[in-house]
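Engineer:
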Amino acid sequence: MKGRIGCQTRIITVIPHSRELARKQNKDLSEKAKLRLKVFDWYYQKSPTLSITRVRNASLTCRHFGIHRSLFYYWLQRYNKQYLHSLENKSRAPKRKRQPDYSQELVSKVRDIRKADPTYSAKKIRRILLRSMAEVPSVATLGRLIRRNNLFFRPDTKQDLFDNSISCRTSPVKYCVFCCFIRKLFRN
Numbered sequence: 010m011k012g013r014i015g016c017q018t019r020i021i022t023v024i025p026h027s028r029e030l031a032r033k034q035n036k037d038l039s040e041k042a043k044l045r046l047k048v049f050d051w052y053y054q055k056s057p058t059l060s061i062t063r064v065r066n067a068s069l070t071c072r073h074f075g076i077h078r079s080l081f082y083y084w085l086q087r088y089n090k091q092y093l094h095s096l097e098n099k100s101r102a103p104k105r106k107r108q109p110d111y112s113q114e115l116v117s118k119v120r121d122i123r124k125a126d127p128t129y130s131a132k133k134i135r136r137i138l139l140r141s142m143a144e145v146p147s148v149a150t151l152g153r154l155i156r157r158n159n160l161f162f163r164p165d166t167k168q169d170l171f172d173n174s175i176s177c178r179t180s181p182v183k184y185c186v187f188c189c190f191i192r193k194l195f196r197n
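Using the numbering used here, you'd call the opening residue of the sequence shown number 10 and step up by one each time.
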């Protein structure tokens, strides 16, 4: 201690109610984000520093938690102490999804054909469109078009061949087994 007077001075900024804020943020985190936060807490508090460079030992932290170093450095790059939600998983969905390349004219033609006869399949609709259009999409594209635009129309229901109030003449029971079986045959 020769030649030195006093001790080192540390300047610390204290945020009021910082513990309460950290607890509130921590409650909203998912389990994976909480694990990442635990890794960084251990890294900053318990990981020994290398003597010369004063850098914390990331390899020891990774060994302690059983994760790969490249993954740790990826998390460290995203980590923001003030915003703990930076530890959450990012969306893996593509930023731009492919949009259908068929025109609204085609959709309206298919809608008209399906309204005229809802039982027509994509194959049949393609055959009909080939008569009037020069360029027609494939059967699979037409099937997707029908599904995406919900072009399912109910066909006109035929009147029942048998009325439910009619009972079998041979039996006093309102519905006999034989009559119910015959009704099922003719309805399908």
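We put the CB at the ideal spot given by N, CA and C, even for glycine.
With DSSP as the reference, identify every bridge partner of THR58, one or two as the case may be.
Structural biologist: Its beta-bridge partners are ARG65.
Engineer: Using a 10 Å radius around the Cβ and a threshold of 16 neighbouring Cβ atoms, would you call PRO109 buried or exposed?
Structural biologist: PRO109 should be labelled exposed.
Engineer: From which residue to which residue does the alpha helix (DSSP H) around ILE155 run?
Structural biologist: 148-157 is the extent of the alpha helix (DSSP H) around ILE155.
Engineer: Looking at C-beta atoms only, is the number of pairs between the stretch 126-134 and the stretch 89-96 that lie closer than 8 angstroms three or more?
Structural biologist: Contact between the stretch 126-134 and the stretch 89-96 is absent, because fewer than three Cβ pairs lie under 8 angstroms.
Engineer: Which same chain residues end up closer than 7 angstroms to VAL145 when comparing Cβ atoms and leaving out the 5 residues on each side of it in sequence?
Structural biologist: Cβ within range, chain order: ARG135, LEU138, LEU139.
Engineer: Flag this pair as yes or no: are the beta carbons of VAL116 and ASN158 separated by less than 7 angstroms?
Structural biologist: It is a contact, given that the beta carbons lie within the stated cut-off.
Engineer: Quick one: residues in its chain with C-beta nearer than 7 angstroms to the C-beta of TYR129, no 5 flanking neighbours on either side, listed in chain order?
Structural biologist: Around TYR129: ILE122, ARG123.
Engineer: Which class does THR70 belong to by DSSP, given the choice of helix, strand or coil?
Structural biologist: DSSP places THR70 in helix when its eight states are reduced to three.
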